[in-house]
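Residue numbers (the numbering used here): 17 to 737. Where a beta carbon is used, it is the ideal one built from N, C-alpha and C, also for glycine. Below: one structure, written as structure tokens.
Given below as structure tokens:
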């Protein structure tokens with residue numbers, strides 16, 4: 017088994033990528049706060065944080081959110097949420113642009129901000145990617161260096177491979193569980209390999225690419241489902257493989273799957289976050305090849321050594337096993353006469369359940385062995401540090417981080433084994449109690465996407481309608497979700513229109529199972545501008561912009577993608593639809609049915625009197641809100657990314673104009689690392705004889721001629737000794 021070794025570049029990419037994801041998460045939520053959580057929004061956040069007479073610490077214990085501090089700053093709950101989003105965007109933007117800000121303190125603040133928002137987000141913020149971001153954010157606190165107030169050192173530490181391993185374990189749990197739940201749910205479309213014939217048109221917000229993917233032949237859809245099973249169930253086992261080429265192979269397969277999902281579906285920042293987690297499969301050398309500054313490795317001689325030959329045989333054997341296992345488990349047959357590939361599931365549900373029961377705990381054992389190896393290698397690196405003080409300091413850090421990682425791994429076994437109940441019951445009761453203690457903080461979570469395929473008989477869609485007289489009805493068209501059959505599917509990622517997402521879930525059942533829908537109808541009848549902006553940012557496209565409708569109702573339709581062979585006069589429609597039934601009856605303000613629903617779900621309350629906001633902070637928040645109000649979520653997010661890209665480009669051009677290749681601080685960082693004995697940790701790698709010229713390169717591949725010669729001299733004298 018091979019340890020991860022130094023991975024400063026993958027760590028830097030992981031932290032930068034997570035900062036970019038935080039920008040999308042905070043920025044997307046910010047533009048929707050007034051309509052979703054405002055004092056006259058759909059689900060006002062003040063409902064969650066009601067004063068109960070408890071002290072501040074008791075309130076934080078019951079609901080850990082910084083929004084309890086809002087009244088002390090003269091802010092209501094809505095303004096507190098806006099402040100946290102703005103601080104989150106600024107902090108994430110700084111971490112993306114400035115490497116010294118990729119510090120554990122900065123990431124601890126970012127996670128604290130998002131957890132505070134999550135606690136009051138209610139149904140609009142309870143998605144798996146929100147939980148995944150919170151868990152990844154907690155790992156970033158462990159992975160990121162602590163050097164913001166100590167000179168900003170970003171050097172790779174001996175124990176960093178241990179904490180970075182936890183990111184790989186999170187990726188494994190996410191992908192393996194996502195593949196397993198598709199089979200354990202007994203969904204006939206997943207077992208019949210026909211899920212993708214429905215998925216592209218029935219997902220929440222498809223892209224134009226989904227329409228083209230839907231036109232592909234059925235045999236290709238079935239083969240795509242088989243590939244999904246292989247990537248999500250089989251390949252995650254290679255995350256802990258001793259051969260780096262196997263880990264790189266699994267990395268590129270995971271990235272390929274996520275890119276295809278991005279092209280065919282609007283899943284906000286979820287797929288990008290998954291790719292960021294997959295960076296934990298990379299090593300220093302491979303990222304160096306990406307950046308054009310590879311680490312020099314001593315190539316294998318000829319004839320190859322016994323170890324190299326065994327590694328090649330093991331790699332070829334792994335690929336062959338994957339291929340043969342896929343053919344056997346899914347009955348792949350190629351018919352040359354018809355030029356079609358037939359496939360079917362060649363195992364039963366009982367056989368799958370038996371296999372899952374047999375492998376769940378052994379997989380936990382393999383992961384524990386991999387973690388134990390990383391811990392032991394990190395301890396050896398600590399022992400190689402020069403100087404008694406630095407050796408002791410490195411060992412203390414190793415002990416703290418190893419204990420935290422082992423504890424986190426143990427607690428994560430509870431949600432991981434949810435997919436197999438017998439294995440979950442065999443866990444030590446103390447682990448279950450520990451999981452219950454940390455559950456309010458979203459430290460570890462369970463995952464499993466696309467458990468069952470919905471919309472097999474047609475995509476259900478709720479269409480809201482308004483009227484002034486109760487006879488002539490006008491459809492209320494949303495910006496993103498399907499409505500007008502001639503409108504092309506939208507491209508909104510990494511923004512998530514959370515109202516549109518919840519309307520997709522609402523269409524899967526009666527309106528009583530979505531209590532917030534009554535509040536949406538009420539706000540449309542009242543003509544609340546903040547809620548209307550969730551429907552249409554451009555007021556000219558909202559049919560009741562002059563005065564609100566007197567009546568509002570909702571109809572349930574079934575939608576299908578049109579086929580490429582359908583011919584129609586005029587512009588070709590993207591969708592065809594059929595009316596099913598009434599979803600929500602026609603109501604007006606004061607209607608007893610509407611009042612009863614609002615009272616039943618606790619949504620009928622008068623907003624408190626608006627707080628006097630004469631201080632600077634509330635006025636600043638209102639100014640920023642007025643500045644962003646005319647723009648949609650995707651426009652705001654891509655503007656932020658454009659600012660980040662422009663700043664990075666200008667900084668690179670300024671360095672090139674000055675003729676300075678590396679930042680000066682990298683040389684100092686590397687020299688400080690050498691004084692602390694960190695260069696001795698390279699002795700654990702088998703290619704230390706070829707690394708003499710690398711002594712002055714930091715995490716960004718810094719090269720300096722004089723520093724290289726000096727380093728060669730030091731290594732030469734070391735070898736003489």
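What is the C-beta distance between residue i and residue j, in whole angstroms, given that I count them as a contact (C-beta under 8 Å)?
i           : j           : result
residue 393 : residue 177 : 7 Å
residue 382 : residue 256 : 6 Å
residue 427 : residue 380 : Not quite, the Cβ-Cβ distance comes to about 13 Å (not below 8 Å), so this is no contact.
residue 93  : residue 139 : In fact, because the Cβ distance is near 17 Å, the residues do not count as touching under 8 Å.
residue 377 : residue 425 : Not confirmed; about 14 Å, so no contact.
Would residue i and residue j be called neighbours here (beta carbons separated by less than 9 Å)?
i           : j           : result
residue 599 : residue 572 : yes
residue 192 : residue 122 : no
residue 593 : residue 575 : yes
residue 267 : residue 298 : yes
residue 30  : residue 180 : yes
residue 537 : residue 643 : no
residue 413 : residue 173 : yes
residue 113 : residue 667 : yes
residue 153 : residue 546 : no
residue 570 : residue 478 : yes
residue 130 : residue 42  : yes
residue 85  : residue 72  : yes
residue 334 : residue 273 : no
residue 558 : residue 147 : no
Could you tell me the distance, in whole angstroms, from the CA atom of residue i to the CA atom of residue j?
i           : j           : result
residue 82  : residue 51  : 21 Å
residue 390 : residue 363 : 37 Å
residue 723 : residue 304 : Summary for residue 723: the model assigns pLDDT 40, below 50, so the residue's position carries little reliability; its value from the coordinates is reported in the next sentence. The straight-line gap from Cα to Cα measures roughly 20 Å.
residue 213 : residue 275 : 19 Å
residue 348 : residue 410 : 53 Å
residue 182 : residue 295 : 12 Å
residue 109 : residue 132 : 19 Å
residue 285 : residue 190 : 15 Å
residue 352 : residue 204 : 28 Å
residue 614 : residue 522 : 17 Å
residue 461 : residue 188 : 13 Å
residue 338 : residue 465 : 23 Å
residue 483 : residue 632 : 43 Å
residue 251 : residue 475 : 32 Å
residue 416 : residue 529 : 46 Å
residue 468 : residue 217 : 15 Å
residue 503 : residue 590 : 7 Å
residue 630 : residue 90  : 9 Å
residue 404 : residue 171 : 19 Å
residue 641 : residue 232 : 45 Å
residue 820 : residue 617 : There is simply no residue 820 to check, as the chain begins at 17 and stops at 737 in what is shown.
residue 507 : residue 302 : 32 Å
residue 350 : residue 432 : 37 Å
residue 222 : residue 88  : 44 Å
Comparing C-alpha positions only, which one of the options sits nearest to residue i?
i           : options            : result
residue 234 : 221, 211, 227      : 211
residue 480 : 462, 534, 660      : 534
residue 240 : 260, 223, 277, 258 : 277
residue 280 : 300, 414, 227      : 227
residue 374 : 435, 536, 407, 337 : 435
residue 324 : 270, 345, 455, 261 : 261
residue 659 : 633, 554, 106, 34  : 106
residue 157 : 38, 142, 125, 187  : 125
residue 366 : 442, 340, 200, 444 : 200
residue 442 : 450, 451, 453, 430 : 430
residue 117 : 332, 198, 160, 507 : 160
residue 37  : 216, 184, 283, 88  : 283
residue 369 : 457, 197, 493      : 197
residue 343 : 333, 330, 361, 630 : 361
residue 602 : 451, 71, 511, 489  : 489
residue 270 : 175, 334, 445, 194 : 194
residue 401 : 635, 665, 326, 175 : 175
residue 99  : 581, 639, 651, 224 : 639
Does any residue of chain B bring its CB to less than 9 Å from the CB of residue i?
i           : result
residue 631 : Structure shown: chain B not included; a single protein chain is present.
>> When you compare the segment 286-296 with the segment 237-253, are there three or more beta-carbon pairs, one atom per stretch, that lie closer than 8 Å?
In response: no
> Is it true that the segment 640-649 meets the segment 42-51, where meeting means three or more beta-carbon pairs spaced less than 8 Å apart?
Replying inline: yes
> Three or more C-beta pairs closer than 8 Å, one from the segment 25-32 and one from the segment 507-517: is that the case here?
Replying inline: no
>> Closer than 8 Å is the cut-off here; do at least three beta carbon pairs connect the segment 70-86 with the segment 550-567?
In response: no
> Does the count of Cβ pairs from the segment 531-545 and the segment 496-503 closer than 8 Å reach three?
Replying inline: no
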